[in-house]
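A short worksheet on the structure shown next.
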Amino acid sequence: MTVVDIRNIFSERNIELFYVDSSYIYYAEEKNDSGKNELFILEYDRSTRHERLITNYTLEDPTFVEHIYAFDDSIILVLENGKNSLWLIELSKLDGAERNRRKIVCTGAFRSCIALDSKHLLIYMGPDEANKEMFNQYRSITGCECLCYLYNLETNVKHFVKNPLIAKLGTAHIKLMNVHDVRYAVLLDPFADEDIKRGYYEEQRWINVDIRDNIWLCLLNEMIAELESGSETITKKCIASADIKALARYMGTNEEKMYFRAKEFRTGLEKICSYNVFTNALEIEAELPAPENGNTFYIVEEKPFSVFSVEDDKSKVSVKGIVNSVAELTYPSSLGSFVTCIDNRYVVTRKNVFNEENGTSVPMCTICDSKNQKYEDYECSCYISGDTLVLY
7 MTVVDIRNIF SERNIELFYV DSSYIYYAEE KNDSGKNELF ILEYDRSTRH
57 ERLITNYTLE DPTFVEHIYA FDDSIILVLE NGKNSLWLIE LSKLDGAERN
107 RRKIVCTGAF RSCIALDSKH LLIYMGPDEA NKEMFNQYRS ITGCECLCYL
157 YNLETNVKHF VKNPLIAKLG TAHIKLMNVH DVRYAVLLDP FADEDIKRGY
207 YEEQRWINVD IRDNIWLCLL NEMIAELESG SETITKKCIA SADIKALARY
257 MGTNEEKMYF RAKEFRTGLE KICSYNVFTN ALEIEAELPA PENGNTFYIV
307 EEKPFSVFSV EDDKSKVSVK GIVNSVAELT YPSSLGSFVT CIDNRYVVTR
357 KNVFNEENGT SVPMCTICDS KNQKYEDYEC SCYISGDTLV LY
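Plus 6 on top of the position in the sequence shown (first one is 1) and you've got the numbering used here.
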């Protein structure tokens, strides 16, 4: 485990980390200076321990919300306030220069966005008052709640997405992964929430439609090209499917594998399965027995993927690695809620501590070394990226 302690840099500052690699940490900071909202994009050099300002903006509209995406040599900044337009800014990581700055106007009200890569942004727009009837007609024809656009930063062209699956999913159901320098999109297509699908299973004798969860895999470049061409279909591979009798839910990824949870409603049996994108191998990684009491639950680390069984008996917490972890350890419950375990040895916990002097709660992060039974408390927030723990 690598611990990067930059609390002295962030003392009394409201910052949000958005990217960590082996050399740098990138974060955003908002300030209100003389009644003006200021947004700063900054870089912390892990080797020199110096902070560098990449750029800053005065936000004329205090309702602006920022969405930030980092790539090898660029940062994409999206500013929106839930209306029919957004600002898209492409910045150079090297010197903060603006490579691109565009106001993008779409139909409807902003709902969400995701940068597929450094040159393509998916934008989802929902109904607003001015276009309510049009969205009703669109939903009745396609079944989609939102309009979807693909914006190309190189050509500055906005493409309307005609593929109904992409338009239906929304950003929460699109996951990106890189396998041997090849980029993929994992498309999550669940029928409904687990409780709703179980209800359909229990009443299945009255149902004659195909109720199914699907998880699809696409080559990202291929998918982008098909969406830009206006195609209503995309090339995709189904890697997991569950009809009305079962459930299939995405859980996370690591270097080569995508993981999902499979559950059979009749028996209640749950399994964690994996699909190796490189070899196409499909495997059962573990079975998840139903917790014997209400004190046991599972914690999932999405990327890189791992699963832990956590049991809290109010005096101590017992942690056991289920997938991609062989950890087996305990720590006092008073240290806080389990966050993750790094290197099968270091447990990270989190809790809020009430400060009686000013009447506020402050975050507390604890690192538990299970080998030496040592605990270190830090009055701060933490950010975890792989085996790196950032204290700030």
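C-beta atoms are modelled at their ideal positions from N, C-alpha and C, and glycine is treated no differently.
Alpha-carbon spacing of residue i relative to residue j, whole angstroms
i	j	result
Ala246	Lys125	29 Å
Asp78	Asn214	49 Å
Asn38	Glu44	6 Å
Phe311	Ser40	45 Å
Phe271	Met229	34 Å
Arg356	Glu35	22 Å
Arg19	Gly88	26 Å
Met7	Glu307	16 Å
Lys399	Ile60	Because the chain here runs from 7 to 398, residue 399 falls outside it and cannot be looked at.
Glu362	Tyr337	26 Å
Glu96	Phe24	16 Å
Tyr75	Ile81	6 Å
Arg267	Lys309	15 Å
Val437	Ile129	Because the chain is modelled from 7 through 398, residue 437 falls outside the range shown and cannot be assessed.
Thr394	Asp11	11 Å
Tyr206	Glu49	50 Å
Val26	Ser376	26 Å
Leu335	Ser343	14 Å
Glu385	Ala292	36 Å
Ala296	Trp212	29 Å
Val9	Ser53	13 Å
Glu147	Met140	First, the residue type needs correcting, since residue 147 is Ile and not Glu in the sequence shown. Taking the straight line from one Cα to the other gives about 11 Å.
Glu22	Asn364	24 Å
Val316	Tyr144	45 Å
Phe166	Thr239	13 Å
Gly132	Glu208	33 Å
Local Cβ density within 10 Å of residue i, reported as buried at 16 or more and exposed below that
i	result
Asn330	buried
Ser28	exposed
Pro196	buried
Asp219	buried
Glu160	exposed
Ala103	exposed
Thr64	exposed
His73	buried
Ser280	buried
Asn14	exposed
Leu288	exposed
Ala333	buried
Phe360	exposed
Lys251	exposed
Ala248	buried
Val163	exposed
Phe16	buried
Ile202	exposed
Lys242	buried
Lys42	exposed
Lys269	buried
Ile290	exposed
Beta-carbon proximity check, residue i vs residue j, cutoff 9 Å
i	j	result
Gly114	Asp134	yes
Ile328	Ile278	yes
Leu2	Asn106	Within the shown structure, residues of the chain are numbered from 7 to 398, placing residue 2 beyond reach of any answer.
Thr366	Glu382	no
Val188	Leu223	no
Cys112	Asn142	no
Arg204	Leu275	no
Val84	Leu127	yes
Asn301	Lys320	yes
Val345	Phe284	no
Leu92	Ile120	no
Asp67	Arg58	no
Expected contact under 8 Å - CB spacing of residue i and residue j to nearest Å
i	j	result
Ile31	Val354	Their Cβ separation, rounded to whole angstroms, is 17 Å, which puts Ile31 and Val354 out of contact at 8 Å.
Cys347	Phe314	6 Å
Leu233	Leu156	5 Å
Tyr398	Ser391	Between Ser391 and Tyr398 the Cβ distance is about 12 Å, and since that is not below 8 Å, they are no contact.
Cys374	Tyr389	About 18 Å separates the two Cβ atoms, so there is no contact after all.
Phe116	Glu86	5 Å
Lys168	Ser237	7 Å
Lys181	Tyr256	7 Å
Glu413	Asn286	Lying before the first or after the last residue shown, residue 413 is absent from the chain, which here runs from 7 to 398.
Ser339	Val323	5 Å
Met370	Thr259	Actually they are not in contact, since the Cβ atoms of Met370 and Thr259 sit about 30 Å apart, beyond 8 Å.
Check: So, do the stretch 167 to 183 and the stretch 144 to 155 have three or more beta carbon pairs nearer to each other than 8 Å?
Finding: Segment contact: the stretch 167 to 183 against the stretch 144 to 155, three or more CB-CB distances shorter than 8 Å; contact assigned.
Note to self: Count Cβ pairs between the stretch 186 to 200 and the stretch 134 to 145 that sit closer than 8 Å; are there 3 or more?
What the structure shows: At 8 Å Cβ cutoff, the stretches do not touch.
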